[in-house]
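Worksheet for the structure shown next.
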Amino acid sequence: MRYFLDTSALVKIYHKEEGSENVLDVYKRENMNISELSIVEFLSTVYRKYREKEIDELTLNAIWSKFNEDLETRYDVIPFSSIIIDKACNLIHKHGGSKSLRTLDSLQLTFFLIYFLFQLFLMMELFFPLKKSLVAIDKKIFFYALIRDSWKLH
């Protein structure tokens, strides 16, 4: 199984706090997906912990070093793109009037939804294989169309 971690869960891997045990259990046995946005949020959170004296400079550097190592070996990073911005804006337009949907939350939720739709697309391909003549770019175009059509603003 693959997991998508937002920044609050990601930080629990590198700094012990409530809920760390649950996230560490998954971390030890699974590869995970994170958004590219999480890299910036993670660094900001670690520096906040440093400023607030929860961690010292040596710990800050060790956390950042281990996180960067894990970026290379443990995480699949979902890249930031204009579709993320478009869909996050759609979420805010649709739900912002009735719910408190903040900027970063809407972006992380969009990353998750795109990841979920991509996983769904891969599962669909198992049952309904695309013609062998299609190349990777055709799959990306199809995937983009799937996302675009499924998230139209109503």
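With this note's numbering applied, the sequence shown covers 932 to 1085. Glycine residues also receive a C-beta, built at the ideal position from the N, C-alpha and C atoms. For clarity, every value in this text was computed on a predicted model and none was experimentally measured.
Once DSSP output is grouped into helix, strand and coil, what is the label at residue i?
i: F1011; result: coil
i: K1062; result: No answer about K1062 holds up, because its pLDDT of 49 lies below 50 and its placement is not dependable.
i: N964; result: strand
i: R1033; result: coil
i: H1026; result: helix
i: E972; result: helix
i: E1000; result: helix
i: I986; result: coil
i: E949; result: coil
Can you list, in chain order, the residues of its chain with a C-beta nearer than 7 Å to that of residue i? Leave out the 5 residues immediately preceding and following it.
i: V954; result: A940, K943, I944
i: R1005; result: N962, M963
So what does residue i bridge to, in DSSP terms?
i: F935; result: N964
i: Y1006; result: M963
Given this structure, state the Cα-to-Cα distance separating residue i from residue j, to the nearest angstrom.
i: F1047; j: M932; result: 12 Å
i: E985; j: K997; result: 18 Å
i: E1003; j: S1037; result: 26 Å
i: K959; j: N999; result: 17 Å
i: W995; j: F935; result: 20 Å
i: G1028; j: N1021; result: 12 Å
i: T1034; j: L1044; result: 15 Å
i: T990; j: V957; result: 23 Å
i: M1113; j: D1001; result: As displayed, the chain neither begins before 932 nor continues past 1085, which places residue 1113 out of reach and without an answer.
Tell me which residues share the same chain as residue i and place their Cβ nearer than 6 Å to its Cβ, disregarding the 5 neighbours each side in the sequence.
i: F973; result: T938, L941
i: I910; result: Absent from the model: residue 910. The displayed extent of the chain is 932 to 1085, so no value can be given.
i: Y981; result: L991
>> Below 8 Å, how does it come out for the stretch 1005–1013 and the stretch 965–975: are there three or more Cβ pairs, yes or no?
In response: yes
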